[in-house]
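Under this note's numbering, the first residue of the sequence shown carries the number -8, and numbering increases by one thereafter.
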Amino acid sequence: MDDDARIVDRLAMLLGARYETVVASNGFDALEQLNGDPFDVVLLDLRMPGLDGAGFVEELRLRKIQVPIILVSANPNLPAQARTLGISHYLAKPFDIERLEAMVETL
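Structure, rendered in structure tokens:
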């Protein structure tokens, strides 16, 4: 999930060659998709329309949905924000796609 459609499209294209990918344009859409089939990992931006990244994580916990999250953001306080949200995997934008793929593969 990301607030920039170009980033979402590019990530879906790059990762879709190797993984099954599902795109969500906002936190509410992602939560709806997570109520169906299980997911192996979620790529999450902090800034999104409707339900932001922090709200999404809070809602996941309320619904007791367990899924690894990679927080991806241009937020200058990304490490602190990730710790606050209890997320151990994060990448600052712009990031190296190989590093992202390695994180996805690990999770």
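Ideal Cβ positions, reconstructed from N, Cα and C, are used throughout, including at glycine.
Q: Kindly indicate which residue of 94, 12 and 71 has the alpha-carbon position closest to the one of residue 45.
A: Of the candidates 94, 12 and 71, the residue whose Cα lies closest to the Cα of residue 45 is 71.
(Q) What does the alpha-carbon distance come out to for the pair residue 62 and residue 68? (A) Cα to Cα, residue 62 sits roughly 12 Å from residue 68.
Q: Using beta-carbon positions only, say whether residue 48 and residue 76 come within less than 7 Å of one another.
A: Yes.
Q. So residue 35 is in the beta strand (DSSP E); what residue range does that whole segment cover?
A. Segment 33 to 35, the beta strand (DSSP E) holding residue 35.
Q.
Rounded to whole angstroms, what is the Cα-Cα separation between residue 53 and residue 10?
A. Their Cα atoms are separated by approximately 28 Å.
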